[in-house]
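Participant:
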Amino acid sequence: MQPTTFDFHHREDEIGQLVFLEECKDVPFEVKRVYYIYGVKDGARRGFHAHKSLEQACICIHGSCKVMLDDGKERIDVVLDDPTKGLYVGNAVWREMYDFSEDAVFLVLASEYFDEQDYIRDYDQFLAYLKEKEA
Ligand code: TYD
Numbered sequence: 143m144q145p146t147t148f149d150f151h152h153r154e155d156e157i158g159q160l161v162f163l164e165e166c167k168d169v170p171f172e173v174k175r176v177y178y179i180y181g182v183k184d185g186a187r188r189g190f191h192a193h194k195s196l197e198q199a200c201i202c203i204h205g206s207c208k209v210m211l212d213d214g215k216e217r218i219d220v221v222l223d224d225p226t227k228g229l230y231v232g233n234a235v236w237r238e239m240y241d242f243s244e245d246a247v248f249l250v251l252a253s254e255y256f257d258e259q260d261y262i263r264d265y266d267q268f269l270a271y272l273k274e275k276e277a
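Under the working numbering, the first residue of the sequence shown carries the number 143, and numbering increases by one thereafter.
#1: If you measure from each CB to the nearest heavy atom of the ligand TYD and keep those under 5 Å, what residues do you get, in chain order?
#2: Can you tell which of A252, E156, F150 and I218 has the C-alpha that lies nearest to the C-alpha of W236?
#3: What does the alpha-carbon distance come out to for the pair F256 and F248?
#4: Could you spell out where the beta strand (DSSP E) holding E154 opens and where it closes?
#5: Closest Cβ-Cβ distance between C207 and chain B: below 7 Å?
#6: Within 10 angstroms of the Cβ of G158, are there 16 or more other Cβ atoms? Answer buried if so, exposed if not.
#7: Please return the same chain residues whose Cβ sits closer than 8 Å to the Cβ of N233, not counting the five positions on each side in sequence.
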């Protein structure tokens with residue numbers, strides 16, 4: 143599995159840095175929801191779920207962290223440490239986020255409103271879901 147990453151528009155001038163992105167252009171979906179994670183305790187790991195439909199773009203806009211993606215066949219680990227880059231996380235992908243630096247701010251753009259029914263929070267259920275999907 144190769145990670146799909148985005149390079150966002152970046153302007154640098156004497157005042158500082160500016161990054162921008164537009165839905166359906168710089169990320170491949172309409173953005174219905176934005177959330178962000180910060181203040182993650184040292185050594186903590188988050189995520190541990192997949193989504194049935196949701197698509198997301200993850201950006202570590204400050205500091206750094208790692209994202210583990212698992213499509214049921216392969217696992218990859220991606221370092222996010224650049225506010226101009228995003229990582230696409232499609233549906234039916236198990237994700238875990240870890241190694242957050244103390245100052246990390248992890249921003250997520252999501253294609254749907256929050257819906258707990260879209261989550262698969264059990265790894266064995268995730269594998270069963272993939273099998274069912276492939277059948
Ligand atoms: P969750 O997605 O499980 O966080 P993580 O996978 O990073 O540990 O969300 C944690 C809690 O917050 C869970 O009870 C659902 C709630 N939540 C919302 O209500 N709306 C949202 O947009 C998100 C992302 C989470």
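Ideal Cβ placement from N, Cα and C applies to all residues, glycine included.
Note that the structure is a prediction, hence the values are computed from the model and not measured.
Facilitator: In brief:
#1: Y177, R188, G189 and F256
#2: I218
#3: 17 Å
#4: H151 to E154
#5: The question asks about chain B, but that chain is absent: this structure has only one protein chain.
#6: exposed
#7: A192, H193, K194, S195, L196 and E197
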